[in-house]
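Numbering (the numbering used here), first residue to last: 60 to 549.
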Amino acid sequence: MSKEIGTRKEDFSKWYNELVLKADLAEHSAVRGCMVIKPHGYAIWEKMQAALDKMFKDTGHVNAYFPLFIPKSFFSKEASHVDGFAKECAVVTHYRLKTAPDGSIVVDPDAKLEEELIVRPTSETIIWNTYRGWIQSYRDLPLLINQWANVVRWEMRTRLFLRTAEFLWQEGHTAHATAEEAVEETRKMLDVYADFVENFMAVPVVKGVKTVNERFAGALDTYCIEAMLQDGKALQAGTSHFLGQNFAKAFDVKFTSKEGKLDYVWATSWGVSTRLMGALVMSHSDDNGLVLPPKLAPIQVVIVPIYKGEEGLNKIREVVLPLKKKLENFGISVKFDDRDTQRPGWKFAEYEMKGVPVRIAVGERDLANGTVEIARRDTLSKETVSIEGIETKIVQLLSDIQDNLYQIALKRKTELTTRVETWDEFVKVLETKGGFVAAHWDGTSETEQKIKEMTKATIRCIPLNNVQEEGKCILTGARSKERVLFAIAY
RNA sequence: CGGGGUGUAGCGUAGCCCGGUAUCGCGCCACAUUUGGGAUGUGGAGGUCGUCAGUUCGAAUCUGGCCACCCCGACCA
Numbered sequence: 060m061s062k063e064i065g066t067r068k069e070d071f072s073k074w075y076n077e078l079v080l081k082a083d084l085a086e087h088s089a090v091r092g093c094m095v096i097k098p099h100g101y102a103i104w105e106k107m108q109a110a111l112d113k114m115f116k117d118t119g120h121v122n123a124y125f126p127l128f129i130p131k132s133f134f135s136k137e138a139s140h141v142d143g144f145a146k147e148c149a150v151v152t153h154y155r156l157k158t159a160p161d162g163s164i165v166v167d168p169d170a171k172l173e174e175e176l177i178v179r180p181t182s183e184t185i186i187w188n189t190y191r192g193w194i195q196s197y198r199d200l201p202l203l204i205n206q207w208a209n210v211v212r213w214e215m216r217t218r219l220f221l222r223t224a225e226f227l228w229q230e231g232h233t234a235h236a237t238a239e240e241a242v243e244e245t246r247k248m249l250d251v252y253a254d255f256v257e258n259f260m261a262v263p264v265v266k267g268v269k270t271v272n273e274r275f276a277g278a279l280d281t282y283c284i285e286a287m288l289q290d291g292k293a294l295q296a297g298t299s300h301f302l303g304q305n306f307a308k309a310f311d312v313k314f315t316s317k318e319g320k321l322d323y324v325w326a327t328s329w330g331v332s333t334r335l336m337g338a339l340v341m342s343h344s345d346d347n348g349l350v351l352p353p354k355l356a357p358i359q360v361v362i363v364p365i366y367k368g369e370e371g372l373n374k375i376r377e378v379v380l381p382l383k384k385k386l387e388n389f390g391i392s393v394k395f396d397d398r399d400t401q402r403p404g405w406k407f408a409e410y411e412m413k414g415v416p417v418r419i420a421v422g423e424r425d426l427a428n429g430t431v432e433i434a435r436r437d438t439l440s441k442e443t444v445s446i447e448g449i450e451t452k453i454v455q456l457l458s459d460i461q462d463n464l465y466q467i468a469l470k471r472k473t474e475l476t477t478r479v480e481t482w483d484e485f486v487k488v489l490e491t492k493g494g495f496v497a498a499h500w501d502g503t504s505e506t507e508q509k510i511k512e513m514t515k516a517t518i519r520c521i522p523l524n525n526v527q528e529e530g531k532c533i534l535t536g537a538r539s540k541e542r543v544l545f546a547i548a549y
């Protein structure tokens with residue numbers, strides 16, 4: 060059948076690509092490295108956005124919007140920032156096209172911009188340039204702003220959702236009077252991300268801080284949440300940066316403190332992107348298609364009628380429509396698929412591929428017995444139950460599925476976290492098992508770099524609240540006081 | 001960006017080596033019978049063979065450029 064996808068065991072990467080396409084999440088576009096997010100994929104993103112946006116607002120943030128274009132000169136103001144992004148910027152040089160003598164459309168050479176514009180790869184520079192005019196006094200602080208936007212990073216090698224040239228995200232940019240307050244904000248938003256990813260996406264994460272090598276360009280500290288996917292690779296699911304006074308200095312954003320002292324403000328920035336869609340797929344889905352946690356499923360329950368003739372369908376409608384209403388009163392999103400153009404078996408397979416958590420089938424047999432058949436997507440199990448009081452059962456079932464997905468992912472993360480003491484063990488675990496490897500490291504960038512070159516593994520993070528213990532670096536044998544998490548990452 | 005591979009109907013493919021206007025399956029349309037796990041039959045529609053150029057009487061097939069995707073590498077807040 061054309062709707063089948065490869066298996067994870069056979070070729071994880073191929074399975075992922077086929078799944079994204081066949082579950083109708085996204086497809087490749089005519090533009091290199093850019094994807095079209097299809098309605099089903101976009102509906103999931105909208106659910107993510109809605110949940111995150113509420114969490115941001117509940118923690119005191121407001122939304123705003125800044126320009127897509129950034130004057131080139133802005134990038135030269137923060138040295139490490141430009142270093143980090145220069146290699147992957149799309150640049151606008153002209154503002155007009157014209158018809159050439161041969162009839163083709165060409166860029167009008169007379170329409171060259173005085174100063175080139177950069178399509179934002181991230182908005183720190185344009186936002187901090189704007190903040191200069193907004194902040195004068197400690198009374199203007201803290202400034203807690205988020206933006207939902209698209210950004211462009213000209214990546215050499217792209218993958219649907221995980222790394223695309225253009226992607227959708229949110230970026231929070233806050234300004235504070237003290238370093239302590241900015242650090243607190245950085246940590247708070249990391250907690251918000253972890254809360255979201257674990258409770259909505261059902262993906263357990265490790266909260267940690269990045270090493271100097273992996274730090275955001277222009278940050279003093281980069282905090283992150285790292286997820287472990289089914290294939291034993293790690294994925295950075297969100298980052299929160301403590302930017303110190305770097306951007307305030309670069310864009311001259313000063314404020315007068317309560318004590319009358321003039322000082323630069325302290326900054327944070329934090330973001331998650333459509334990459335989370337990739338994490339969602341790679342965490343829960345199986346060889347039959349997408350598996351969605353109920354909290355993010357655009358359709359939580361689908362009802363499929365099984366009937367003969369228009370009259371048969373009408374009889375089922377009499378039972379199903381009130382049931383649909385009841386479920387909706389519990390806040391459940393329900394689709395009654397009464398299309399006569401597809402057969403029940405086709406619909407079963409289709410909704411399985413698209414990851415609808417619960418399916419209810421109602422046929423004449425059920426009408427006679429006062430029952431329905433309930434199937435859950437996560438376990439693929441089915442049972443026939445009385446329609447009486449089914450609403451509360453479904454509410455419970457959705458909650459069970461959400462929990463079950465999290466527990467499975469948590470078990471995997473635990474099983475795929477290995478403590479090693481020696482280099483040989485380290486290499487062996489990476490080669491045979493994958494996952495997170497907790498090992499001692501001497502704390503130097505040189506060692507980190509060497510390990511990356513030798514094994515492809517990077518330090519995903521130094522976990523927060525890490526146990527302090529004496530040990531020896533797996534590569535150099537130098538003293539170490541804590542373990543860090545290594546992994547092969549996306 | 002370097003190495004390798006692929007591109008033929010909406011999807012998956014045969015044909016390419018050895019040049020003669022394209023095969024099969026799924027899907028699509030019509031009708032009938034069907035409907036508790038991707039129905040069956042009959043009939044039908046759908047193709048500038050990725051694209052541009054070259055060789056040739058003639059190109060899906062040979063040659064070159066370009067584009068896109070996949071795999072490996074480099075890069076990746």
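Backbone N, C-alpha and C define an ideal beta-carbon position, used for all residues, glycine too.
Subject >> Contact set for THR443: own chain, Cβ-Cβ below 6 Å, skip 5 residues either direction >> reply: THR430, GLU432
**OP:** Quick one: give me the first and last residue of the alpha helix (DSSP H) that SER139 is part of.
**Re:** Segment 138 to 144, the alpha helix (DSSP H) holding SER139.
Original post:
Can you tell me whether DSSP reads MET287 as helix, strand or coil?
Top reply: strand
**OP:** Look up TYR252 in the DSSP assignment and say whether it is helix, strand or coil.
**Re:** TYR252 falls in the helix class under three-state DSSP.
Original post:
Helix, strand or coil: which one does DSSP assign to TRP482?
Top reply: helix
Original post:
What does a CB cutoff of less than 7 Å around LYS515 pick up in its chain, not counting 5 residues either side in sequence?
Top reply: ILE547
**OP:** Could you say which of LEU349, LEU335, LEU386 lies nearest to VAL360 if we only look at CA atoms?
**Re:** It is LEU386.
Original post:
Below 8 Å, can you find three or more Cβ-Cβ pairs linking the region 387 to 397 to the region 449 to 466?
Top reply: Touching, yes, given that three or more Cβ pairs across the two stretches are closer than 8 Å.
Subject >> Given 8 Å, three or more beta-carbon pairs between the region 232 to 252 and the region 194 to 201 >> reply: yes
**OP:** Look at the Cβ atom of ILE521, then the Cβ atom of GLY267, and state whether they are nearer than 7 Å.
**Re:** yes
Subject >> Bounding residues of the beta strand (DSSP E) (the contiguous stretch that carries HIS232) >> reply: Element bounds for HIS232: 225 to 235.
Original post:
The beta strand (DSSP E) spanning ILE365 covers which residue range?
Top reply: 360 to 365
Original post:
Roughly how many angstroms separate the alpha carbons of ASP290 and TYR252, rounded to a whole number?
Top reply: 23 Å
Subject >> 7 Å CB neighbourhood of SER88 in its chain, flanking five on each side removed >> reply: MET94, VAL95
Original post:
Can you tell me the Cα-Cα spacing of PHE545 and ILE467, whole angstroms?
Top reply: 22 Å
Original post:
Mapping DSSP to helix, strand and coil, what is ASP462?
Top reply: helix
**OP:** Would you mind working out which of GLU137, GLY92, GLU105, PHE134 sits nearest ARG216, comparing C-alpha positions?
**Re:** GLY92
Original post:
Just the Cα atoms here: how many angstroms apart are ILE460 and ARG418?
Top reply: 13 Å
Original post:
Apart from the five residues on each side of it in sequence, which residues of its chain come closer than 7 Å, Cβ to Cβ, to THR152?
Top reply: The residues are LYS171, LEU172, GLU175.
**OP:** Taking all protein chains shown into account, decide if ILE103 is buried (16 or more other Cβ within 10 angstroms of its Cβ) or exposed.
**Re:** buried
Original post:
If you count every other CB in all the chains shown that lies within 10 Å of the CB of TRP187, and 16 or more means buried, which is it?
Top reply: Under this definition TRP187 is a buried residue.
Subject >> Start and end residues, alpha helix (DSSP H) containing TRP187 >> reply: Boundaries of the alpha helix (DSSP H) harbouring TRP187: 183 to 190, taken from the DSSP string.
Subject >> PRO54 - containing beta strand (DSSP E), residue span >> reply: Residue numbering for the chain in the displayed model covers 60 to 549; residue 54 lies beyond these limits and cannot be assessed.
Original post:
Run through DSSP, which three-state label would SER332 get?
Top reply: strand
Original post:
Using DSSP with H/G/I as helix, E/B as strand and the rest coil, what is LYS317?
Top reply: The answer is coil: DSSP assigns LYS317 none of H, G, I, E or B.
**OP:** Could you check if TRP74 is buried or exposed, using at least 16 other CB atoms within 10 Å of its CB as the buried criterion?
**Re:** It is buried - the Cβ of TRP74 has at least 16 other Cβ atoms within 10 Å.
Subject >> SER344 and VAL262 closer than 7 Å at C-beta >> reply: In this structure, the beta-carbon distance from SER344 to VAL262 does not fall below 7 Å.
**OP:** Spell out a yes or no on whether the region 480 to 490 and the region 292 to 309 are touching, meaning 3 or more CB-CB pairs, one atom from each, closer than 8 Å.
**Re:** As far as the Cβ criterion goes, the region 480 to 490 does not touch the region 292 to 309, which means the pair count is below three.
Original post:
Could you give the distance in angstroms between the alpha-carbon of PRO357 and the alpha-carbon of GLY277?
Top reply: 38 Å
Subject >> 7 Å Cβ shell around PHE301 - same chain, five flanking residues per side excluded >> reply: ALA241, VAL242, THR245, ALA278, LEU279, ASP280, THR327
Original post:
Would you call the region 329 to 340 and the region 221 to 228 touching, i.e. three or more CB-CB distances under 8 Å?
Top reply: yes
Subject >> Local conformation of SER196 per DSSP, three classes >> reply: strand
Subject >> Proximity of ALA338 and LEU380 at Cβ, strictly below 7 Å >> reply: Their beta carbons are not under 7 Å apart, which means ALA338 does not touch LEU380 by this criterion.
Subject >> PRO168 classed as buried or exposed, judged by whether at least 16 other C-beta atoms fall within 10 angstroms >> reply: exposed
Original post:
What are the residues that DSSP puts in a beta bridge with LEU544?
Top reply: Bridge partners of LEU544: ALA497, CYS520.
Subject >> Contact belief for VAL79 with VAL340 at Cβ below 8 Å, rounded distance in angstroms >> reply: 7 Å
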